[in-house]
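Working notes for the structure below.
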Amino acid sequence: MQKKLLRRLFLGVIMLQCMPLYGVKAMILHHKEAYITLPKGTVEGQFDNGLRYIIVPNGLPKHSIEVRLVMNVGSLQEENDQRGGAHFLEHSAFIGTKHFPKRGLIDYFERQGMKFGRDINAFTGFDRTIYWLSLPHHSAHDSVLDSTFLVLRDWLCAISFDSDRVRKERGVIIEELRSYQQNDDFYALKIGHGRYAERLPLGTSSDINRIDSRRLRAYYERWYTPSHATVLVIGQVKAEEVIAKLRETVGTIPRKSGEGTVRCVPLTYARGASWMQITDSLQRESKLELIIPHTTFAGKTLQDAVDKQRMRMLVQCLSNRLAADSVRGDVSNNWYLADKDHFVVALRGASANHLAQQLASVGNECRRLLQLPLDANELQRLIDARLAQLQPDTAQHLSADLCDDFIDYITAGDRPLRDANDVEWVRKQVAATTSRQLQTLLKRLLRAMKRSRLYAYTVATGGQNDTLLTAQRADEAWEQGWRRPIVPYIDRHIVVENDTVALPLCLKTPAKVKPGSVKSQRRWPELGLNDVQLTNGIRLLVRPTMDEDHTLFLAVVGRGGTADLPPAALLKYHDAVSYVDMGGLAKVTSDTLLSVMTQEQLSMTVGEDAFWHQLLASSPAKKATELFNLVYEKLCFPGINRQDFSECVANEQANAGKTTLLDRLLAHDADRLMTNTIDSLVGDGGAMNKDCAMKAALETLNIDTLTHYYKRLFANPSQLTIILTGNFDEADVTAKAIATFSQMVPQAEPLPRKEEPFKRENKVFVKGFEGGNDHQTVAHYVFAGNYKPSLQASLTMKLMRDVLQDRVLQVLRERENIVYSPYVDMYYSGIPQQKYHFMVTLSLKDENRKRAEELLKGMLEELKTQPVCTAELEKLKRSFLVTKDKILNDKAPAEWKTTLMSLVKNGESLSDFNDYGACLGSITPEMVREMASSMLDWNRRIVIYKSQKQ
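Going by my numbering, the first residue of the sequence shown is number 18, and it counts up by one from there.
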């Protein structure tokens with residue numbers, strides 16, 4: 018036997034030596050035990066001190082490098098007296114190191130244009146602590162990578178543990194804990210028992226108050242070692258240069274003699290059934306989730322990828338069968354935590370009996386699937402559905418997205434399936450899937466269920482009342498279903514004929530460009546945007562971007578909305594756009610239009626707000642003609658569906674004046690009341706109150722009158738802007754857009770518009786609401802007024818916002834430690850209201866509110882009397898440039914569309930935006946001071962707050 022094995026190995030070596038390199042790779046990689054191929058260009062290695070590194074050159078977005086320090090340790094490694102320490106240590110990394118004392122680290126990165134919280138942040142979990150840095154990178158700033166790696170070195174071996182700073186940070190973390198929400202009512206059930214339940218990453222208040230410098234240092238010395246660390250660098254880099262820099266910095270960190278050994282800690286559950294129930298007064302139906310924890314499939318090898326695909330086939334099979342049996346439930350299987358997936362069957366029902374009956378049906382279906390093989394046709398459909406989703410990933414990914422994939426790889430060994438050869442191998446295995454293989458997966462799940470099963474029960478008090486379920490009753494229901502006789506599954510799948518809907522003539526006929534359609538055309542090179550002005554008044558803004566699906570996105574935006582109408586007309590035109598939208602197109606019936614849009618993958622929606630109306634649409638890029646024709650017809654020739662209109666109005670009349678349970682609850686919701694109060698004071702309240710929807714008003718509505726208003730609103734090309742983004746042929750799409758929309762004719766009867774700026778009352782306004790908790794006050798300080806719209810003005814306001822944000826953080830959080838996350842925001846609306854409002858939000862203990870208000874007043878006075886220093890202003894300007902490059906990259910069609918719509922609505926010129934850097938650079942400290950002096954008037958403040966008692 019040994020001779021045979023040695024002979025095979027010897028022959029294998031000879032074959033490898035004689036085979037071309039590409040053949041060797043193919044033979045080695047594509048078998049079930051082979052690892053999934055990492056993304057092209059990945060360089061992975063390890064230094065002598067045990068530190069691991071991964072470098073991936075990537076060009077999207079431009080001028081950007083993502084750096085992550087991934088520590089394979091978290092709260093699970095804490096001793097009993099160190100609980101909460103892993104997360105506390107993460108905070109300590111930002112409040113002082115050897116080369117970046119006190120706030121020096123954050124100050125350095127913010128001088129590069131980065132934002133704390135967005136580009137500079139960290140996360141602590143049970144088994145990992147991740148520090149992330151999103152670096153701007155230009156040839157003139159090559160040193161930023163050197164400094165970044167020095168920061169990583171400090172984090173690994175030179176964090177300062179100043180006792181006074183640790184004490185101050187304790188209050189910040191407690192405030193963070195107060196604001197933390199789990200957002201999972203059944204977390205205590207799903208987390209199981211043992212170390213995970215005992216080592217929540219944030220710890221408790223008592224844990225945090227017990228943490229001191231000695232405990233932090235003990236955890237740090239034991240676990241923050243090179244052998245537990247991986248440095249991940251993705252972006253516009255050269256791997257060999259990065260490795261050299263890393264070797265000089267983190268590669269020379271000595272090993273620590275007392276370092277700990279990280280052991281895998283499984284997620285554990287009690288044997289048998291675990292039960293948890295909650296009550297939800299807003300639901301009319303109860304819900305029961307059967308959760309089966311089972312060992313996860315870590316996607317390391319090609320066989321792992323196949324197993325994942327087959328598990329998805331099993332989930333789909335059960336989902337299809339339960340739906341065919343009229344069981345109202347969803348089936349899913351997803352990674353939950355550590356080494357466990359959660360296989361979940363979520364059932365809905367009006368009563369406990371109904372839920373029990375459905376659970377019995379699930380048990381019976383599992384038994385049938387386990388004992389009777391799948392029909393060949395059913396199995397083939399499952400295979401075909403998987404193969405349709407299983408395609409090579411050829412897209413160019415953003416560096417930040419690649420980081421998320423590699424963190425999974427670093428912490429769990431999981432690899433994304435992208436390589437074409439890997440995908441092809443997996444597809445072949447999936448195509449050969451047998452019924453027995455799916456049955457084997459189900460058998461494993463049922464064995465896991467026998468060991469441990471979780472029941473998450475949501476009792477709906479808004480529905481029918483009856484006896485409640487229990488764990489015993491749920492188990493009995495399952496067993497009842499399991500004992501039922503099984504009969505062969507009858508496949509009820511109906512083959513639907515491929516009935517292609519003929520395209521209506523108005524949608525498929527391409528428009529022809531008429532001479533004189535274009536008034537002017539300009540290219541904005543810095544923006545990569547083409548600006549076309551048509552002679553009929555329409556403006557086309559065309560900005561090609563990258564999109565894997567080659568999708569064309571269209572936005573139409575125009576002045577004119579509900580707030581432009583006089584009060585009497587508000588009643589007359591109540592909800593006109595929605596009513597008219599029901600009618601589809603004048604030349605195409607609603608049913609045909611729906612079928613055509615589904616068939617051609619067209620989408621479209623119209624809307625109207627206070628001062629603007631808009632249409633949003635999309636299609637595959639190759640369907641540009643159909644999309645433009647659809648939009649043109651919708652703008653100019655909407656249909657009228659009198660029957661649907663009458664039924665809709667009658668339904669609204671029947672419900673007028675009625676309030677639901679949700680309405681009553683929201684009417685007393687403090688957060689909603691606070692928001693509504695602020696909106697009404699700063700000019701964001703609705704143009705029409707509820708009285709407009711009363712029965713008398715509804716009875717006066719006329720679909721012909723509403724349609725006439727709609728056409729005057731949407732069919733007038735004057736001041737209409739059409740924005741095109743997405744992955745398309747720019748010349749072809751622009752020509753088609755010009756030909757289609759130049760057909761629109763200016764109207765002789767345009768709607769009137771209100772162009773008066775909004776004015777708020779010149780006085781202090783204070784109002785409180787009851788709704789705080791744990792002796793906490795949430796207060797909003799609002800400063801509102803008017804400004805003259807321009808890009809320079811909006812940028813100056815944003816700079817002032819960020820200056821104030823820095824002041825609030827430095828004083829209220831870092832110096833005084835009385836708030837955890839103070840927040841300053843700024844909103845503005847250029848056309849026609851010319852209004853702004855700044856809002857400072859503070860969440861703090863009741864006894865600290867007066868002190869915080871005094872400090873805030875002092876900060877505002879300082880901004881109004883002393884110009885911000887040039888260095889601070891330049892730091893913030895740099896962050897604006899970095900943000901613009903980060904958000905408006907070549908793979909951001911939605912962001913480009915939103916930005917261009919905002920420019921139009923706020924009266925900001927493309928000329929200024931094209932010269933963004935120069936416009937930003939023209940803003941001086943004195944300009945910021947003058948704006949603060951005129952806008953942040955303490956004697957005209959609005960204060961809206963909530964606390965436990967009023």
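All C-beta atoms in this analysis are idealised placements derived from N, C-alpha and C, irrespective of residue type, glycine included.
Inspect the beta-carbon positions of K881 and A949 and report whether they are closer than 9 Å. Looking up residue 881 in the sequence shown gives position 864. Looking up residue 949 in the sequence shown gives position 932. Cβ distance < 9 Å, so K881 and A949 count as in contact.
Cα-Cα, which of R444, F855 and F782 is closest to R818? Counting from one through the sequence shown, the residue named residue 818 turns up at place 801. Per the Cα distances, F855.
Is it buried or exposed for Q489, if we count other Cβ within 10 angstroms and need 16 for buried? Taking the first residue of the sequence shown as position 1, residue 489 is located at position 472. Counting Cβ neighbours within 10 Å, Q489 comes out exposed, since fewer than 16 surround it.
What ranges does the beta strand (DSSP E) occupy inside the stretch 328-407, keeping only unbroken runs of at least 3 residues that lie completely in it? Complete beta strand (DSSP E) runs here, min 3: 346-354 and 357-366.
Report yes if the C-beta of L582 is less than 8 Å from at least one heavy atom of the ligand FAD; otherwise report no. Looking for the ligand FAD in the displayed structure turns up nothing, as the structure carries no ligands at all.
Checking the sheet assignment: what are the DSSP bridge partners for V857? By one-based count along the sequence shown, residue 857 stands at place 840. According to DSSP, V857 bridges with Y798 and V841.
What beta strand (DSSP E) runs, 3 residues minimum, are completely inside the stretch 583-655? 620-625 and 629-637
DSSP has N547 in a bridge; who is on the other side? As a position in the sequence shown, residue 547 is number 530, starting the count at 1. BP columns for N547 point to R540 and V559.
Which of the three DSSP states is assigned to R958 in this structure? Stepping through the sequence shown from its first residue, residue 958 is reached at position 941. Here R958 sits in coil by DSSP.
Find out if the Cβ-Cβ distance for the pair G847, T738 is shorter than 9 Å. As a first step, residue 847 is located in the sequence shown; it is residue number 830 there, counting from the start. As a first step, residue 738 is located in the sequence shown; it is residue number 721 there, counting from the start. It is not a contact, given that the beta carbons lie outside the stated cut-off.
Any idea which residues DSSP pairs D297 with across the strands? Your numbering for residue 297 matches position 280 in the sequence shown. Its beta-bridge partners are A477.
Rounded to a whole number of angstroms, what is the C-alpha to C-alpha distance between A367 and T717? Along the sequence shown, read from residue 1 onward, the residue named residue 367 stands at position 350. Along the sequence shown, read from residue 1 onward, the residue named residue 717 stands at position 700. Using only the alpha carbons, I get a separation of about 40 Å.
Nearest-angstrom Cβ-Cβ length linking P942 and V885, presumed shorter than 8 Å: Sequence index remark: in the sequence shown, residue 942 carries index 925 (1-based). Sequence index remark: in the sequence shown, residue 885 carries index 868 (1-based). Taking C-beta atoms under 8 Å as the contact rule, P942 and V885 qualify, at a distance of about 5 Å.
If you pair each beta-carbon of the stretch 223-231 with each one of the stretch 53-64, do three or more pairs fall below 8 Å? no
Beta-carbon contacts of F731 that lie in its chain and below 6 Å, excluding the five residues immediately before and after: Locating residue 731 in the sequence shown gives position 714, where the first residue counts as 1. Closer than 6 Å at the Cβ level, and outside the excluded window around F731, lie L652.
Going by the DSSP bridge assignment, what does V210 pair with across the sheet? For the purposes of this step, residue 210 is identified with residue 193 of the sequence shown, where counting begins at 1. Looking at the sequence shown, residue 210 is not Val but His. DSSP lists T285 as partners of H210.
For the stretch 110-130 against the stretch 327-334, do three or more pairs of beta-carbon atoms, one drawn from each stretch, fall closer than 8 Å, so that the two count as touching? no
Suppose contacts are defined by Cβ-Cβ distances below 9 Å. Is W541 in contact with L812 by that definition? By one-based count along the sequence shown, residue 541 stands at place 524. By one-based count along the sequence shown, residue 812 stands at place 795. The answer is no: Cβ separation not under 9 Å.
Taking 9 Å as the threshold (C-beta atoms), are P78 and L415 in contact? As a working note, residue 415 is residue 398 in the sequence shown. As a working note, residue 78 is residue 61 in the sequence shown. Contact flag set, yes.
Tell me which residues share the same chain as A214 and place their Cβ nearer than 8 Å to its Cβ, disregarding the 5 neighbours each side in the sequence. Taking the sequence shown and counting its residues from 1, one reaches residue 214 at position 197. Excluding positions up to five away in sequence, the list reads A205 and I208.
Selected residue, minimal CA-CA separation from K892, among G938, N394 and L305: Stepping through the sequence shown from its first residue, residue 892 is reached at position 875. Checked all of G938, N394 and L305; the closest Cα to K892 is G938.
So, helix, strand or coil for Q965, using DSSP? Numbered from its first residue, the sequence shown carries residue 965 at position 948. Of the three classes helix, strand and coil, the one that applies to Q965 here is coil, per DSSP.
Please list the terminal residues of the continuous alpha helix (DSSP H) segment that includes K986. This structure cannot speak to residue 986, because the chain is shown only from 18 to 967.
Would you kindly work out how many angstroms separate the C-alpha atoms of T484 and V476, rounded to a whole number? By 1-based counting over the sequence shown, the position of residue 484 is 467. By 1-based counting over the sequence shown, the position of residue 476 is 459. One C-alpha to the other measures close to 10 Å.
Identify the residues that DSSP records as bridge partners of A139: which are they? Taking the sequence shown and counting its residues from 1, the one referred to as residue 139 is at position 122. Partner(s): Y148.
Could you tell me the alpha carbon to alpha carbon distance between A687 and A869, rounded to whole angstroms? Counting from one through the sequence shown, the residue named residue 687 turns up at place 670. Counting from one through the sequence shown, the residue named residue 869 turns up at place 852. So the alpha carbons of these two residues sit roughly 22 Å apart.
Give the DSSP bridge partners of P304, in chain order. On the sequence shown, position 287 is the one that residue 304 refers to. According to the sequence shown, residue 304 is Lys rather than Pro. Under DSSP, K304 forms a beta bridge with R365 and T475.
Contact under 9 Å by Cβ, L471 with A290: Within the sequence shown, numbered from 1, the residue matching residue 471 stands at position 454. Within the sequence shown, numbered from 1, the residue matching residue 290 stands at position 273. Contact: yes.
In the DSSP assignment, what are the bridge partners of A687? Residue mapping note: residue 687 aligns to position 670 of the sequence shown, counting from 1. None, per the DSSP bridge assignment.
Nearest neighbour of E669, chosen from S160, I176 and D592 [CA to CA]: Position 652 of the sequence shown, counting from 1, holds the residue named residue 669. E669 has its Cα closest to that of D592, out of S160, I176 and D592.
Within a Cβ cutoff of 6 Å, which residues of the same chain sit near K894, ignoring the five residues on either side of it in sequence? Working through the sequence shown from its first residue, we reach residue 894 at position 877. Same-chain partners within the cutoff: L937.
In whole angstroms, what is the alpha-carbon distance linking N923 and A671? Against the sequence shown, residue 923 aligns to sequence position 906. Against the sequence shown, residue 671 aligns to sequence position 654. Straight-line Cα distance between these residues: approximately 40 Å.
Got a sec? Which residues, its chain only, sit under 7 Å from F111 by beta carbon, not counting five neighbours each side? The residue given as residue 111 occupies position 94 in the sequence shown. Cβ within range, chain order: L122 and I123.
Taking 6 Å as the limit between beta carbons, can you name the residues of its chain near V183, skipping five residues before and five after? In the sequence shown, the residue the question calls residue 183 occupies position 166. S230, listed in sequence order.
Three-pair Cβ contact test at 8 Å for the stretch 691-703 versus the stretch 773-791: yes
Tell me the start and end of each unbroken alpha helix (DSSP H) in the stretch 146-202 that is at least 4 residues and wholly inside, in chain order. 160-174 and 180-196
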